[in-house]
Amino acid sequence: MSRIHTLSDIGKGSKLGDIPSSRYPSNRIELENQLACANRDREIAIECGNRLSNKCSVLDKDNKRMQYDLNRSNKDKEKLFKHSCQLINEVKRLKVDNTNLTSQITRSQISRDEYKARYDIQLKEIKSLQAMIKILESKLASAQKDAFSIQENSSKKDSEIMSLKAELEHIKSKLASKIDELERLKSDTTSAVARPRSVITGGDEKNTQSEEQSSISNSD
1 MSRIHTLSDI
11 GKGSKLGDIP
21 SSRYPSNRIE
31 LENQLACANR
41 DREIAIECGN
51 RLSNKCSVLD
61 KDNKRMQYDL
71 NRSNKDKEKL
81 FKHSCQLINE
91 VKRLKVDNTN
101 LTSQITRSQI
111 SRDEYKARYD
121 IQLKEIKSLQ
131 AMIKILESKL
141 ASAQKDAFSI
151 QENSSKKDSE
161 IMSLKAELEH
171 IKSKLASKID
181 ELERLKSDTT
191 SAVARPRSVI
201 TGGDEKNTQS
211 EEQSSISNSD
């Protein structure tokens, strides 16, 4: 394709469209050839422009898609960041719970050991008390036997005491009866001595004296 002059070539003594070797085309055929070449170049340029436009459209769609993907990726990244923060907090909480649980297990282990020690002590005390109970039961059985024997002897003694008490009461009753009888006799004697003597015949006086002597002898 022959070179076409532009405005920058005018100062060099050339005309627009002239080739460097000649200011004017030699014939019409050459001009038509140049025009045909220019049309082909134009079509090629238009085709290239269309291709570029299509390419730009494709690139624009790709760009929009990539932008959409980027936005979605940013949102996903933000969600992942929030989720990671939640996981970090959850891990921290689990660590705290694990520490507390470990502490509780340790305290539980200590409490279990203490409980076992106390249990062993209580078991020893229980066994000791059971041994003491057996000893006391043996002593109680022996004491009950002794008490039963003592009770039998005591029953015999109580029977003797009751008999002696009854005999004593009987003697006391007889003594009281004798005392009452003696008091009556004393009273009768005193009355007889204090009574004035009457003047009677000798026979009557003798009879009276004999009655008094008989009364005194009966009181003795």
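Counting along the sequence shown from 1, when you hit position 50 you're at 50 in full-length UniProt numbering, and nothing is skipped either side. Note that beta-carbon positions come from the ideal geometry of N, C-alpha and C, so glycine has one too. Because the structure is a prediction, the values reported are computed rather than measured.
Which of helix, strand or coil does DSSP assign to Asn89?
-> If DSSP states are grouped into helix, strand and coil, Asn89 belongs with the helices.
Could you check what DSSP says for Arg42 in three-state terms: helix, strand or coil?
-> Helix at Arg42.
What's the C-alpha gap between Tyr119 and Gln130?
-> So the two alpha carbons sit approximately 16 Å from each other.
Straight-line CA distance for Gln122 to Leu140?
-> Distance between the alpha carbons of Gln122 and Leu140: 26 Å.
Which class does Asn27 belong to by DSSP, given the choice of helix, strand or coil?
-> Coil.
Grab me the residues of Leu94's own chain with a C-beta within less than 6 Å of its C-beta, minus the 5 sequence neighbours each way, in chain order.
-> Scanning its chain for C-beta atoms nearer than 6 Å, with the 5 sequence neighbours on each side dropped, one finds no residue around Leu94.
Would you report the Cα separation of Asn54 and Ser84, rounded to the nearest angstrom?
-> About 43 Å.
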